[in-house]
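Asker: Protein chains in written order, with the working numbering: chain A, 12 to 108; chain B, 6 to 481. For every residue, glycine included, the Cβ atom is placed at its ideal position computed from N, Cα and C. Structure below; questions to follow.
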Amino acid sequence: MTKTKITIEEVKRLAGLSALEFSDEELAAFIPEFEQIVELVDEVKNCDIGDAQLAYTSHKLSDCREDQAKPSLPQEEILLNSPKTKKGSFCVPKMLD
Amino acid sequence: MDIGKLSLIELSTAIRERKLSSYEVTKYYIDKCHEKAELNALLEIFDDALDKAKEMDEKIDKGFKGKLAGVPVIIKDNILYKGKIASCSSKFLENYVAQYNADVVTKMLEQGAVIIARANMDEFAMGSSTENSAFGVTKNALDPTRVPGGSSGGSACAVAAGLAPVALGTDTGGSIRQPASYNGVVGIKPTYGRVSRFGVVAFASSIEQVGPITKTVRDNAYMLEVLAGGSEHDETSLKLPVNDYLSEITGSVKGLRVGVLKEIEEAVRGLDCENSYRGAIELLKKNGGEIVEVSIPDFKLTLPCYYIIAPAEATSNLGRFDGVKYSRRSKDAKDIDEIYVKSRSEGFGREVKRRIMLGNFVLSSGYFDAYYNKAKKLQQKLIAEAKEAFKVCDVLLLPTTAGEAFKIGAKDGDPVSMYKEDLFTIMANVLGVPAISVPYGKGKAGMPLGIQLIADSLKEGLIYNVADFIEKQEVK
Chain A
12 MTKTKITIEE
22 VKRLAGLSAL
32 EFSDEELAAF
42 IPEFEQIVEL
52 VDEVKNCDIG
62 DAQLAYTSHK
72 LSDCREDQAK
82 PSLPQEEILL
92 NSPKTKKGSF
102 CVPKMLD
Chain B
6 MDIGKLSLIE
16 LSTAIRERKL
26 SSYEVTKYYI
36 DKCHEKAELN
46 ALLEIFDDAL
56 DKAKEMDEKI
66 DKGFKGKLAG
76 VPVIIKDNIL
86 YKGKIASCSS
96 KFLENYVAQY
106 NADVVTKMLE
116 QGAVIIARAN
126 MDEFAMGSST
136 ENSAFGVTKN
146 ALDPTRVPGG
156 SSGGSACAVA
166 AGLAPVALGT
176 DTGGSIRQPA
186 SYNGVVGIKP
196 TYGRVSRFGV
206 VAFASSIEQV
216 GPITKTVRDN
226 AYMLEVLAGG
236 SEHDETSLKL
246 PVNDYLSEIT
256 GSVKGLRVGV
266 LKEIEEAVRG
276 LDCENSYRGA
286 IELLKKNGGE
296 IVEVSIPDFK
306 LTLPCYYIIA
316 PAEATSNLGR
326 FDGVKYSRRS
336 KDAKDIDEIY
346 VKSRSEGFGR
356 EVKRRIMLGN
366 FVLSSGYFDA
376 YYNKAKKLQQ
386 KLIAEAKEAF
396 KVCDVLLLPT
406 TAGEAFKIGA
416 KDGDPVSMYK
426 EDLFTIMANV
436 LGVPAISVPY
446 GKGKAGMPLG
456 IQLIADSLKE
466 GLIYNVADFI
476 EKQEVK
């Protein structure tokens, strides 16, 4: 059974993919915890699944509904939860000069 | 009439028959919510609840006969109720106000429910103790030094402490059943798709369900009749008629084939739950049940399988929390990248970050096939193994948890030990089948334990019947 080694670089890579930042101490503390969790999920990596086929839902989906246009939530209501809006849009800092 | 002693069914009947008003019942429960605030089971008691109760009284006077007419209900904080905050016990969504109702809320309101409060939970439903709430741990209703379980710990505590006759939870890996067990109440995770998930903040969409937590099995069956049913808003919801679950409760287990899992025999030995587990088997046997040993050979892989699928889906589902659309934006962020990273880093708690990282690990290039795809194939293998088991038994009987509620802080800094809390409950989520926890027996410190009954898809009525039987014997 191969044991997956977790390095500081790997944790940094995952933090980047996760759009999360950590202090160096937090990152270091992550490694032993993460190694333990990966050891747990490695049982799946190393198991024999025979000829089981891939299926992305555990149940058959119900029949699809008719594709009809229906009213959605009003724009102003959707924007109510945004931290910053302007003229009916979500507002973020300028991205291009 | 002692309102606190009435079951949900008795209460709804009394209100419909005008022996009690919704106002007095709602006031009674809201007063209880305030009295027991130190439990920290609730994040908010809704200030319009008494007005809604008055409105409901007028409606009932005019002949309204909804199944929940005037009955107070508590919802978990990840269920949207229009105009109210739904924070998922996260700082990220601390001020997020729902702009529409979850389907389950719509269904309850149509039947006349008065929603009185939102309950504490583990942040984004990730946890087994409510210790991961950004707003403080909930205490166990029976011992304040112990956890109430989780993630629906606030909901289970609320019902056990008599803050409402019913509360809604969500269950992704045991999050209804484990807290129900820890607080001595009844909780069901219905068949995947039986209840619409529309308007429930998603954690692991392919395995989670909403379900009721109640004091009795009959109340639970009554409540599921309200919640169940397909919805055009949730493509995974099953567009099938809803059973009359109460009529399936017969009071007998004669001839019932009770499956006991060969694979847990070793695991159960010496655990706090052993006496309760063996006692429940004996009880059913003595009353005409046939005990059958069954095998789900890969049972032990359900836990790691879950800890691949659930974080993978959580990572995707929580990607929407970017500091632009919902609630929180970091004050220190200067550009768009910083908005994403700083808002998420400040807004999410440690366990949520851990699971997002784990999700990205199993989904990332080079690992996807080895973990995620493999887990999804394993899930199919487990479903096939369970189908075989259900050919020879009607229900599976398992403990809900290894033992009674643990002390607050006992599992700090040990995520894997916390994950193993879900050892017996996770299988039902991975399989998509219904599972209920009913109180049976006590642990070493005298805290309640739960027995879990699992059946094949859509056989909620069957597990209600067995759970009701066990519950009645427990009371005796």
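Hey, does Ile89(A) have any beta-carbon neighbour from chain B nearer than 8 Å?
Answerer: yes
Asker: Would you mind giving the Cβ-Cβ distance between Val397(B) and Ala317(B), rounded to the nearest angstrom? I have them listed as a contact below 8 Å.
Answerer: Incorrect: roughly 33 Å between the Cβ atoms, too far for contact.
Asker: How long is the line joining the alpha carbons of Leu47(B) and Leu229(B), rounded to whole angstroms?
Answerer: Near 22 Å, if we compare the C-alpha coordinates of Leu229(B) and Leu47(B).
Asker: Is the stretch 453–464 of chain B touching the stretch 432–443 of chain B, taking contact as three or more C-beta pairs under 8 Å?
Answerer: Contact holds: three or more Cβ-Cβ distances are below 8 Å.
Asker: Mind checking whether Val200(B) and Cys93(B) have CB atoms under 8 Å apart?
Answerer: In terms of Cβ geometry, Val200(B) and Cys93(B) do not form a close pair [threshold 8 Å].
Asker: Between Leu378(B) and chain A, is any beta-carbon pair separated by less than 8 Å?
Answerer: Looking at the sequence shown, residue 378(B) is not Leu but Asn. Chain A, which has a Cβ nearer than 8 Å to the Cβ of Asn378(B), makes this yes.
Asker: Determine whether the beta carbon atoms of Asn92(A) and Tyr331(B) lie at a separation below 8 Å.
Answerer: Going by beta carbons, Asn92(A) and Tyr331(B) fall inside the 8 Å limit.
Asker: When you compare the CB of Ile48(A) with every CB in chain B, is at least one pair closer than 8 Å?
Answerer: yes
Asker: Can you pull the chain B residues whose beta carbon is under 8 Å from the beta carbon of Leu107(A), in chain order?
Answerer: Correct list: empty, because the minimum Cβ distance to chain B is about 10 Å.
Asker: Expressed to the nearest angstrom, what Euclidean distance is found between the alpha-carbon atoms of Asn106(B) and Lys89(B)?
Answerer: 10 Å
Asker: Would you check if the stretch 67–78 of chain B and the stretch 113–120 of chain B touch, i.e. whether three or more CB-CB distances between them fall below 8 Å?
Answerer: yes
Asker: Below 8 Å on C-beta distance, what does Ser100(A) contact in chain B?
Answerer: The CB of Ser100(A) never comes closer than 8 Å to any CB in chain B; the least such distance is about 10 Å.
Asker: To which residues does DSSP link Val247(B) through a beta bridge?
Answerer: Beta-bridge partners of Val247(B) (DSSP): none assigned.
Asker: Can you tell me whether Ile212(B) is buried or exposed, with buried defined as 16 or more other CB within 10 angstroms of its CB?
Answerer: buried
Asker: Given that Ala491(B) touches chain A, what residues does it touch there, using C-beta distances under 8 Å?
Answerer: Residue 491(B) lies beyond the range of chain B shown here (6 to 481); nothing can be said about it.
Asker: Check whether the Cβ of Asn365(B) lies closer than 8 Å to any Cβ atom in chain A.
Answerer: yes
Asker: Given a threshold of 16 other Cβ atoms within 10 Å of its Cβ, counted over all protein chains shown, does Ile79(B) qualify as buried or as exposed?
Answerer: Counting Cβ neighbours within 10 Å, Ile79(B) comes out buried, since at least 16 surround it.
Asker: Cβ of Pro302(B) within 8 Å of Cβ of Glu390(B)?
Answerer: yes
Asker: Just reading off the alpha helix (DSSP H) that Asp349(B) is part of, what are its end residues?
Answerer: In the sequence as displayed, the identity of residue 349(B) is Arg instead of Asp. Its alpha helix (DSSP H) spans residues Ile341 to Gly352.
Asker: Is the Cβ-Cβ distance between Phe208(B) and Thr177(B) less than 8 Å?
Answerer: Yes, they are a contact pair.
Asker: Tell me, please, whether the CB atom of Ser131(B) is closer than 8 Å to any CB atom in chain A?
Answerer: A small fix is needed here, since residue 131(B) is Met in this sequence, not Ser. No, Met131(B) lies away from the interface with chain A (no Cβ there is under 8 Å from its Cβ).
Asker: Cβ of Pro85(A) within 8 Å of Cβ of Asp340(B)?
Answerer: no
Asker: Quick one: what's got a C-beta closer than 8 Å to Ser422(B)'s C-beta in the same chain, skipping five residues either side?
Answerer: Lys416
Asker: List the residues of chain E that Cys310(B) touches, going by C-beta distances under 7 Å, in chain order.
Answerer: The question asks about chain E, but that chain is absent: this structure's protein chains are A and B.
Asker: In angstroms with no decimal places, state the Cα-to-Cα distance between Ala122(B) and Pro184(B).
Answerer: 18 Å
Asker: Roughly how far, in whole angstroms, is the beta-carbon of Ile60(A) from the beta-carbon of Leu383(B), given that I think they are within contact range, below 8 Å?
Answerer: Indeed they touch by this definition, with Cβ atoms about 5 Å apart.
Asker: Tell me, please, whether the CB atom of Ile42(A) is closer than 8 Å to any CB atom in chain B?
Answerer: Among the CB atoms of chain B, none fall inside 8 Å of the CB of Ile42(A).
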